[in-house]
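S.K.:
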Amino acid sequence: MKRFIDLLTDEVSAAFEACGFEARFGRVVLSNRPDLCEFQCSGAMAAAKTYKTAPVKIAQPVADVLAKKTDVFAEVAVVMPGFINLKVSPGFLSDYAGEMTSDARMGYETLADAGNVVVDYGGANVAKPLHVGHLRSAVIGESVKRILSYAGYNAVGDVHLGDWGLPIGQIIAELHFRKPDLVYFDEDYEGEYPEEAPFTISELEEIYPCASGKCKTDEAFKEAARQATMELQSHRRGYMALWHHIMSVSVADLKKNYDNLNVHFEVWGKESDAENYIPAMIERLKADGFAEESDGALVVHVKEETDTKEIPPCMLLKSNGATVYDTTDLATIVERMEKYDPRQIVYVVDKRQELHFEQVFRAARKSGITGEANRLRFIGFGTMNGKDGKPFKTREGGVMRLENLIGEINDAVMKKMTENRTMSEEETAETAKIVGLAALKYGDLSNQASKDYVFDVDRFTSFEGNTGPYILYTIVRIKSILAKYEEMTADRGEQEKNVPASETGSVSGVTGRAESSACAGNKESSEQDGCEPIRGMRKICCTGEPSEKALLRELVKYNDVMEGVRDDLAPHRICSYIYDVSDAFSAFYRDVHILSEEDAAKRESYIAMLRLTKKILEQCIWLLGFDAPEHM
Ligand code: ARG
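Residue numbers (the working numbering): 30 to 661.
Written out as structure tokens, the structure is:
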């Protein structure tokens, strides 16, 4: 559907033309003085320069034309020096909102022929527990991926595990130290290696920090670790077997943790996957003259004339022949081009890695690894800080494990819910998990990604204000009104036969995990449950009551907001939108008696608005990567 604001622009542009002025002056924007008007056009000021006259001499005749369009505008006023202040007619709003209700995507169109995109996020390192540093990548990346998929792309999320290099060598060296008799260290051994790993995840998590600590103090150990790394990279049999064990034990644990965050990857790629692509890539870059020798190393120079700061070359091989982070990332682009020919590769990584990606992106573009049609995008995120403004730590000052952080949030929610609880113990715990995850994710996503933010359990878990729980509370409230309404109409025996029960507000049992009412972008999934238009929807007929109208004005922004979110990959804009929608809903709910409304047409219209509000909120929280419970 055409954006609502563009429809208004069309009207005003036509009026400019009708008065003998160029249409381009008719652009309408949201009012920045909502106390005075809803929309505004300030084109007369610019037009006055072109036509060498006073702005009001342009604004007035245009306004006179607009005032006759009572089907579109309820009020048209000229304000000095030449602003045109506008209020839309309730009927025009109602028709637009009504049309949204009969569209599966509420007026937000999919991109035609969007193609593939790869989202590189998560980025956990094997053998290390997930800590809060990885939280933002997972949370933002999952949302970015959903935004792209809802836009119509085939979005491939790749966790791109850090699995290669020194940390693994350190673990192997430490294992050798602790258990020298393990068959993996016997160079003469030619048989099969055991299927069972010689360590558990908790041992592994203890071994790694111990080994990396030892490297700092113990030269001999450090050398052993370096040696083990080299031998691993030249595929020593026993070490490869150990590496496979490290991978499988670690990946199983990571999957569990990401699942708990409602973060899911299409591809469990690893840094080491790039290995297969490195030799050919280097040969090609050498042959084509892009790779050059520099102090014994092999690099691609990526400096540009216009640089205002020093951009060092992209490193392919160190002087000792070793590959580095630049090498694997460049080769991973080669791999992704081969597999997906993606329209975009989006990296959701700590912003401190920005320079690295700038080097790699430049090398990829310069050498033709990617072309014009393949956009490389870096979404760098800031740090999650504690209340002291420093990077978030445990009370003891250590690195906080992600599962403990989630536990802390869930406990806080649980406590709040227990205070005035009407649910069973079990349901409370289940609901606290859902609400806790929303609190955590919304607390993160409501900030612009590049900014640092303060992790504040009390604020994030509050049921009021710009928080996840407040949004969920709004949804739950709508669900409960809709459920009461269905009960009432069933009692009265006037329930329309064409409203399926699945649209009465109940989603999927207690957990609400089914994500049933949200839809992803791709064709297959738009056919999925809950993605059809809201059938049996009654006509929306706005009475003009201010808070009713205000809610509709929020709802009709949906496709406009979604287009901006898609172009800028900005989940925080979804948050501010649904916060506005929720506030508008609260005011509407305060001012309007929905269920006790005697006038059936009005009541049905309110219900239709509620359904649309709920559908928008549910789609938006799906994009953010969390769900709403049935009750709170
Ligand atoms: N594993 C890396 C880290 O912990 C992040 C990986 C980001 N993705 C990439 N393609 N380099 O810093």
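Using N, Cα and C, we set each Cβ at its ideal position, and we do this for glycine too.
How many Å lie between Arg-602 and Tyr-471 at the Cα?
M.R.: If you take the alpha carbons of Arg-602 and Tyr-471, they lie about 11 angstroms apart.
S.K.: The ligand ARG and Gly-654: does any heavy atom of the ligand fall closer than 8 angstroms to the residue's C-beta?
M.R.: No - the ligand ARG has no heavy atom lying nearer than 8 angstroms to the Cβ of Gly-654.
S.K.: Could you say which of Ser-301, Ile-362, Ile-307, Leu-384 lies nearest to Glu-339 if we only look at CA atoms?
M.R.: If we check each option's Cα against that of Glu-339, Leu-384 comes out closest.
S.K.: For the segment 37 to 46 against the segment 83 to 98, do three or more pairs of beta-carbon atoms, one drawn from each stretch, fall closer than 8 angstroms, so that the two count as touching?
M.R.: In short, these stretches touch, since the Cβ pair count reaches three.
S.K.: Taking the alpha helix (DSSP H) that Gln-477 belongs to, which residues open and close that run?
M.R.: No alpha helix (DSSP H) contains Gln-477, which DSSP labels as neither H nor E.
S.K.: What residues match up with Leu-115 in a beta bridge as DSSP calls it?
M.R.: Phe-68, Val-105.
S.K.: Drop a sphere of 10 angstroms on the beta-carbon of Thr-451, count the other beta-carbons inside from all chains shown, and report buried for 16 or more, exposed for fewer.
M.R.: By the neighbour-count rule (16 or more Cβ atoms within 10 Å), Thr-451 is not buried but exposed.
S.K.: By alpha-carbon positions, which one of Asn-433, Val-147, Pro-600, Leu-501 ends up nearest to Lys-644?
M.R.: Of the candidates Asn-433, Val-147, Pro-600, Leu-501, the one whose C-alpha sits nearest the C-alpha of Lys-644 is Leu-501.
S.K.: Give the straight-line distance between the Cα atoms of Gly-350 and Glu-138, rounded to the nearest whole angstrom.
M.R.: Using only the alpha carbons, I get a separation of about 50 angstroms.
S.K.: With DSSP as the reference, identify every bridge partner of Arg-165, one or two as the case may be.
M.R.: DSSP output for Arg-165 lists no bridge partner at all.
S.K.: Can at least three beta-carbon pairs, one atom from the segment 480 to 490 and one from the segment 635 to 655, be found at a separation below 8 angstroms?
M.R.: Contact fails: fewer than three Cβ-Cβ distances are below 8 angstroms.
S.K.: Can you give me the C-alpha to C-alpha distance between Glu-493 and Tyr-499, rounded to a whole angstrom?
M.R.: Taking the straight line from one Cα to the other gives about 5 angstroms.
S.K.: For Gly-191, is the beta carbon positioned less than 8 angstroms from some heavy atom of the ligand ARG?
M.R.: The answer is yes for Gly-191.
S.K.: Quick one: grab the DSSP three-state call for Arg-542.
M.R.: Confidence at Arg-542 is low in this model, with a pLDDT of 36, below 50, so the placement of that residue should be treated as unreliable; the coordinate-derived value is given next. In the structure shown, Arg-542 sits in coil (DSSP, three-state: anything other than H, G, I, E or B).
S.K.: At which residues does the beta strand (DSSP E) containing Gln-373 begin and terminate?
M.R.: Its beta strand (DSSP E) spans residues 373 to 379.
S.K.: Just to confirm before moving on: does the CB-CB distance between Pro-227 and Tyr-213 stay below 9 angstroms?
M.R.: Yes, they are a contact pair.
S.K.: Taking 6 angstroms as the limit between beta carbons, can you name the residues of its chain near Trp-193, skipping five residues before and five after?
M.R.: Result list for Trp-193: Glu-300, Ser-301, in chain order.
S.K.: Assuming contact is defined by CB atoms lying nearer than 9 angstroms, are Glu-321 and Leu-327 in contact in what I supplied?
M.R.: Cβ distance < 9 angstroms, so Glu-321 and Leu-327 count as in contact.
S.K.: With distances taken between CB atoms, is the gap from Glu-12 to Asp-620 smaller than 9 angstroms?
M.R.: A question about residue 12 goes unanswered here, because the residues of the chain that appear run from 30 up to 661.
S.K.: Whole angstroms are fine: how far does the CA of Phe-206 sit from the CA of Ala-257?
M.R.: Roughly 12 angstroms separates the two Cα atoms.
S.K.: Going by C-alpha distance, which of Asn-289, Val-353, Arg-266 is nearest Thr-307?
M.R.: Here residue 307 turns out to be Ile, not Thr, going by the sequence shown. The shortest Cα separation from Ile-307 among Asn-289, Val-353, Arg-266 belongs to Val-353.
S.K.: What would DSSP say about Val-278, mapped onto helix, strand or coil?
M.R.: It is helical.
S.K.: Mark Gly-127 as exposed unless 16 or more other C-beta atoms lie within 10 angstroms of its C-beta, in which case mark it buried.
M.R.: Buried.
S.K.: Does the segment 420 to 440 come close enough to the segment 366 to 378 to have 3 or more Cβ pairs within less than 8 angstroms?
M.R.: No: the two stretches stay apart, fewer than three of their Cβ pairs being nearer than 8 angstroms.
S.K.: At a cut-off of 8 angstroms, would you count Tyr-287 as near the ligand ARG, judging by its Cβ distance to the nearest heavy atom?
M.R.: Not so, every heavy atom of the ligand ARG lies at least 8 angstroms from the Cβ.
S.K.: If we count the other Cβ atoms within 10 Å of its Cβ and call it buried at 16 or more, is Val-58 buried or exposed?
M.R.: It counts as exposed.
S.K.: Check whether the Cβ of Ala-96 sits closer than 8 angstroms to any heavy atom of the ligand ARG, and report yes or no.
M.R.: Outside the cutoff, so no.
S.K.: For the ligand ARG, any of its heavy atoms closer than 8 angstroms to the Cβ of Gly-397?
M.R.: No.
S.K.: Quick one, which of His-660, Ile-650, Met-661 has its alpha-carbon nearest Asn-291's?
M.R.: Checking every option, the nearest Cα to that of Asn-291 belongs to Ile-650.
S.K.: What's the call for Pro-110, buried or exposed, on a 16-neighbour Cβ count within 10 Å?
M.R.: Flag for Pro-110 reads exposed.
S.K.: Spatial neighbours of Glu-22 within its chain, please: CB distance less than 8 angstroms, with the 5 preceding and 5 following residues excluded, ordered by chain position.
M.R.: The structure shown has nothing for residue 22, since the chain only spans 30 to 661.
S.K.: For Ser-611, which residues in the same chain have their Cβ closer than 6 angstroms to its Cβ, ignoring the five residues on either side in sequence?
M.R.: Same-chain partners within the cutoff: Ile-500, Thr-503.
S.K.: Around the C-beta of Leu-431, are 16 or more other C-beta atoms found within 10 angstroms, so that it is buried, or is it exposed?
M.R.: Label assigned to Leu-431: buried.
S.K.: Considering only the beta carbon of each residue, do Val-185 and Tyr-150 sit closer than 9 angstroms?
M.R.: Contact: no.
S.K.: Return yes when at least one heavy atom of the ligand ARG lies under 8 angstroms from the C-beta of Ser-166, else no.
M.R.: Because some heavy atom of the ligand ARG lies under 8 angstroms away, the Cβ of Ser-166 counts as near it: yes.
S.K.: Keeping to the same chain, check which residues put their C-beta closer than 6 angstroms to that of Leu-314; ignore five residues upstream and five downstream.
M.R.: These residues qualify, in order along the chain: Ala-320, Ser-396.
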